[in-house]
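Each remark here refers to the structure printed beneath this line.
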Amino acid sequence: MKKLIIILFASITLYSCSNTDEQPKDKKAILDKIISYKMEIVEIEGKISQLDSNLIALEGESNQGSILVGTKTMLAKPFTHYIDVVGNVESDMQAYISPELSGLIKSINVIEGDYVKKGTNMATIDTEMTENSIDEVKTQLELAKSVYKKQKQLWDQKIGSEIQYLQAKSNKESLEKKLKTLRSQLRKANIIAPFSGYIETVKQKVGEFGNPNVPLFYIVNLDKLKITANISESFLPYINVNDPVSITFPTFPDLNIKAKIGVIGTVVNPNNRTIKLQIPIDNTNKKLIPNIIAKINVADQYFNEAFVVPSIVVKNDAHGKTYIYLVAEKDGKFYAQKQYITTGKSYGNKTMVTGGIKQDDQVITKAYNLVKNGSLIRL
C-alpha cells in the first residue's frame, strides 16, 4: 500500500511538473518526454524497494532465529470414535410376479416405469380353455346329480346295491370339487399387484404363453427401504440395536439421513469374519433406489473426557515411539519441547492422546514440521 501511494504521488508530481514545462508539439518530442517520465518512475520504484527491504530487516532483528508457530491448548473434552462402513440399499418389497394360470397372455395393462397400487390388474391370461372346461364339467355334474338322486332314493328303499349308491355320490362330489377348482383358476386369470410399487421390468408380450414358472413382471416398492452392510466382528461389543447412525450417498452428495440400527446379525461369516447390519430408512423423496451405495457412519465408542490433537502433528521416531511438540518457556523465551505420548483412538484427522500431556499444555499445530527439540519459537 505504501509503495502504491508513493508511486501515485510521484506520478502526480511528474504530471504537475509537466503542466509547468513547455509542452512538446511534435510526435518525436512527445515520445522522448514519455520515455523520460517512465525512467523517473523506475528510479523511484527502485528506491522504494530498497526502503522496504531495510524496514523488513529492522522488524526481524527482535525475532532473529525464531520460528513462528501456531498452538492448541489442551482441554479435556468429549470424544466420539466412529466406524465408516460401506453398505447397499435394498427393498424389502420387491418381487418377480408370475401368472398362476398357464395360457396365452391376453392383455398387459402396464408398462415399465408405471406406479401401480396393491390390487391393480396388471395383465390377463386368456381363459377360453378354462371356460370350456367349466361348461363341460357343469354338464357332467348335472347328470351326476340326477344319477345320485335316483340312486339315493333306491338305496333309501333298500333297492339296489350300496356300491352303486356310493359310486354315484363319489362321482357327484368329485365333479363339484373340479368345478370349484376351475372357477378358482378362472379368477387367477387376472395377474394382480401384490403390493404397491413401480413396474421395473415387463418380461413378456401379449400373445406369448404365460406360465407359472416364468416371471412376467418385476415390481419394486420404494417407500420402505433398508441398508445392509457387513461389519467386522471386532466391533460387535461396541454396537447395539437402535444405535444412531448417519448415512450419506456418493450418488447424492447433499443427502444425509439419520437412522437407527434395526438388525444386527447373529452369525459371523466365516469367510470374512463379518456380521450383517440392517438399517431401515424412509424414502420419502423417492430418490433412493435398490443397489445404490451407502456410506454408514456408526459411533462405536464415546469418551467423556479426552485430549485430542490433529493427527498430522503426531510423529514417530526411529524407534517407533510416538511424540509431539509442546511449547516450553524459559527466561521469557519460548522453545519447542519434544514430548513422548501414548495415543488411543483416531478418527478422521483427530487422534486421542491417552498419556504424556496434561491440561493446559500447548501443542504446536502449525509449523510443527519446521521445529525440533529446543528450537526457539514465537507464538
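According to this note's numbering, the sequence shown is numbered sequentially starting from -1. Yeah, the Cβ is synthetic: ideal placement off N, Cα and C, and Gly gets one too. All values reported here derive from a predicted model rather than from experimental measurement.
>> Quick check on the DSSP output: the beta strand (DSSP E) that includes Met127 runs from which residue to which?
In response: No beta strand (DSSP E) holds Met127; the alpha helix (DSSP H) holding it covers 126 to 154.
>> Based on DSSP bridge pairs, tell me the residues matched to Leu374.
In response: Partner(s): Tyr333.
> What distance in whole Å lies between the Cβ atoms of Val325 and Gln360, which are believed to be in contact at a cut-off of 8 Å?
Replying inline: The beta-carbon separation of Gln360 and Val325, rounded to 4 Å, stays under the 8 Å limit for a contact.
> Would the beta-carbon of Ala191 fall within 8 Å of that of Thr122?
Replying inline: Result no, Cβ atoms of Ala191 and Thr122 do not sit closer than 8 Å.
>> Quick test of the definition: if touching needs 3 or more C-beta pairs under 8 Å, does the region 26 to 34 touch the region 334 to 344?
In response: Of all C-beta pairs linking the region 26 to 34 to the region 334 to 344, fewer than three are shorter than 8 Å, placing the two stretches out of contact.
> In terms of residues, what are the limits of the beta strand (DSSP E) holding Thr340?
Replying inline: According to the DSSP assignment, Thr340 belongs to the beta strand (DSSP E) that extends over 340 to 345.
> Apart from the five residues just before and just after Leu6, which ones in its own chain have a Cβ nearer than 7 Å to its Cβ?
Replying inline: Below a pLDDT of 50, predicted positions are generally treated as unreliable, and Leu6, at 44, falls in that range; no measurement from the model is reported.
>> Rounded to whole angstroms, what is the Cα-Cα separation between Glu110 and Ser244?
In response: Approximately 33 Å, taken between the alpha carbons.
> Is Phe247 helix, strand or coil when you go by DSSP?
Replying inline: In this structure, DSSP gives Phe247 an extended state, which the three-state scheme calls strand.
> In chain order, what residues of the same chain lie with their CB nearer than 7 Å to the CB of Ala55, ignoring the 5 residues before and after it?
Replying inline: With a pLDDT of 47 at Ala55, under the threshold of 50, the modelled position of that residue is not reliable, and the figure given next carries that caveat. Around Ala55, the same chain offers no residue with a beta carbon nearer than 7 Å, after the five sequence neighbours per side are excluded.
> Cα separation between Lys115 and Ile106?
Replying inline: Cα to Cα, the separation comes out at about 16 Å.
>> Can you tell me whether Glu171 is helix, strand or coil according to DSSP?
In response: Looking at Glu171 - three-state DSSP - the assignment turns out to be helix.
> Should Tyr94 go down as buried or exposed, given a rule of 16 or more other Cβ atoms within 10 Å for buried?
Replying inline: The residue in question, Tyr94, is exposed, as its Cβ has fewer than 16 Cβ neighbours within 10 Å.
> So Ala297 and Val83 are in contact, right, with Cβ under 8 Å, and what is the actual spacing, rounded?
Replying inline: About 12 Å separates the beta carbons of Ala297 and Val83, which is beyond the 8 Å limit, so they are not a contact pair.
> Using DSSP with H/G/I as helix, E/B as strand and the rest coil, what is Tyr323?
Replying inline: Three-state result, Tyr323: strand.
> Where Tyr321 and Gln337 are concerned, what is the direct C-alpha to C-alpha distance, given to the nearest angstrom?
Replying inline: In a straight line, the C-alpha of Tyr321 is about 5 Å away from that of Gln337.
>> With a threshold of 6 Å on Cβ separation, who are the neighbours of Asn371 within its own chain once the five nearest residues in sequence on each side are excluded?
In response: Within the same chain, Cβ atoms closer than 6 Å to the Cβ of Asn371 are found at Lys336, the five residues on either side in sequence being excluded.
>> Let's test the definition: count the other Cβ atoms within 10 Å of the Cβ of Ala142 and tell me whether it reaches 16, buried, or not, exposed.
In response: Ala142 sits buried, since 16 or more C-beta atoms from the chains shown fall within 10 Å of its C-beta.
> Do the CB positions of Pro251 and Pro97 come within less than 8 Å of each other?
Replying inline: No; because the gap between Cβ atoms is not below 8 Å, this pair is not in contact.
> Under the rule that 16 or more other beta-carbon atoms within 10 Å means buried, what is Ser60, buried or exposed?
Replying inline: Because the pLDDT of Ser60 is 45, which lies under 50, any placement of that residue in the model is unreliable, and the number read from its coordinates should be weighed accordingly. The residue is exposed, with fewer than 16 neighbouring Cβ atoms inside 10 Å.
>> Tell me the DSSP secondary structure of Leu180 in three-state form.
In response: Correct three-state label for Leu180: helix.
> Three or more beta-carbon pairs under 8 Å between the region 288 to 296 and the region 217 to 231, yes or no?
Replying inline: Contact holds: three or more Cβ-Cβ distances are below 8 Å.
> By DSSP, does Ile310 sit in helix, in strand, or in coil?
Replying inline: When DSSP states are grouped into helix, strand and coil, Ile310 belongs to the helix group.
>> Any contact between the region 262 to 282 and the region 212 to 222? By contact I mean 3 or more CB pairs, one from each, below 8 Å.
In response: Counting Cβ pairs under 8 Å, three or more are found: they touch.
> When the Cα atoms are used, what is the spatial distance from Ser172 to Leu275?
Replying inline: Their backbone Cα atoms lie some 53 Å apart in a straight line.
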